[in-house]
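**Q**
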Amino acid sequence: MERNYPDAAILTSIAGGVPCSVTLERISAPGIILVGDAARQVNPLSGGGIASGMIGGSIGGRIAAESIKRGKPQHLLTYDKEWMDRLGKRHETFDRIKNGIYNFSDEKFNSIAHSFSKVPNDKRSLGNLFKTALIHNPVFLM
45 MERNYPDAAI
55 LTSIAGGVPC
65 SVTLERISAP
75 GIILVGDAAR
85 QVNPLSGGGI
95 ASGMIGGSIG
105 GRIAAESIKR
115 GKPQHLLTYD
125 KEWMDRLGKR
135 HETFDRIKNG
145 IYNFSDEKFN
155 SIAHSFSKVP
165 NDKRSLGNLF
175 KTALIHNPVF
185 LM
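For the sequence shown, our numbering begins at 45 and goes up steadily by one.
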């Protein structure tokens, strides 16, 4: 960079975290709807939030438009339930899985990796990895 852009300078550095937890208990109130990172709509297991934030924004936008059309700010409160039904409950499941994985010992990880190494290459996927982990730790089903 310095060779090609000798006069360039770093203006600032920005770093931050991704809220990998369950969705906030309340994500709407009369006059406001939270979506994306602000509502903790990030997949707690993968840290991915673009798709879920877009879904939250789509739901929120539709409900906000309906609320304005009806002249009823209270209608915004339906957003919480619709979000939970659409993805929120799934994110709660992913959060439980994430917390379970955090408690794995090195031996448990090694055992899962050893078992997964026996899966044919063309059958290796994230889904099959989790199936292998479930065989070793069925507590995830609870």
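Each residue gets a CB set at the ideal place from its N, CA and C atoms; glycine is no exception. Only a predicted model underlies this, so the values are computations on that prediction, with no experimental measurement involved.
Output the boundary residues of the alpha helix (DSSP H) element that contains Lys-133.
**A** Your numbering for residue 133 matches position 89 in the sequence shown. Looking at the DSSP string, the run of the alpha helix (DSSP H) that includes Lys-133 is 133-146.
**Q** Is it right to say Asn-190 is buried, meaning 16 or more other beta carbons lie within 10 angstroms of its own, or is it exposed?
**A** Outside the modelled stretch of the chain, which goes from 45 to 186, sits residue 190, for which no answer is possible.
**Q** Can you have a look at Arg-70 and say buried or exposed, based on whether 16 or more other CB atoms are within 10 angstroms of its CB?
**A** Within the sequence shown, residue 70 is the residue found at index 26, counting from 1. Per the 10 Å Cβ criterion, exposed.
**Q** For Ser-65, which of helix, strand or coil comes out of DSSP?
**A** Numbered from its first residue, the sequence shown carries residue 65 at position 21. Note: Ser-65 maps to coil in three-state DSSP.
**Q** Relative to the C-alpha of Pro-63, which candidate in Ser-90, Leu-55, Glu-46, Ser-72 has its C-alpha closest?
**A** Counting from one through the sequence shown, the residue named residue 63 turns up at place 19. Checked all of Ser-90, Leu-55, Glu-46, Ser-72; the closest Cα to Pro-63 is Ser-90.
**Q** Helix, strand or coil for Ala-73? Go by DSSP, reduced to three states.
**A** In the sequence shown, counting from the first residue as 1, residue 73 sits at position 29. The answer is strand: DSSP assigns Ala-73 an E or B state.
**Q** Helix, strand or coil for Ile-103? Go by DSSP, reduced to three states.
**A** Counted from its first residue, the sequence shown places residue 103 at position 59. Correct three-state label for Ile-103: helix.
**Q** Which class does Thr-176 belong to by DSSP, given the choice of helix, strand or coil?
**A** Working through the sequence shown from its first residue, we reach residue 176 at position 132. It is helical.
**Q** Would you report the Cα separation of Ser-155 and Gly-144, rounded to the nearest angstrom?
**A** Within the sequence shown, residue 155 is the residue found at index 111, counting from 1. Within the sequence shown, residue 144 is the residue found at index 100, counting from 1. If I take the Cα positions, the gap works out to 16 Å.
**Q** If contacts are defined as beta-carbon pairs under 8 Å, then Tyr-123 and Ser-65 qualify, I think. What distance do you get, rounded to the angstrom?
**A** Here residue 123 refers to the residue found at position 79 when the sequence shown is read from its first residue. Here residue 65 refers to the residue found at position 21 when the sequence shown is read from its first residue. Not confirmed; about 19 Å, so no contact.
**Q** Would you tell me roughly how many angstroms separate the C-alpha atoms of Phe-153 and Leu-78, rounded to the nearest one?
**A** Sequence index remark: in the sequence shown, residue 153 carries index 109 (1-based). Sequence index remark: in the sequence shown, residue 78 carries index 34 (1-based). One C-alpha to the other measures close to 37 Å.
**Q** Short of 8 Å in beta carbon distance, which residues of its chain neighbour Thr-176, apart from the five on each side in sequence? Order them along the chain.
**A** Numbered from its first residue, the sequence shown carries residue 176 at position 132. Counting only Cβ-Cβ distances below 8 Å, and skipping sequence neighbours, we find Ile-156, Ser-159, Phe-160, Val-163.
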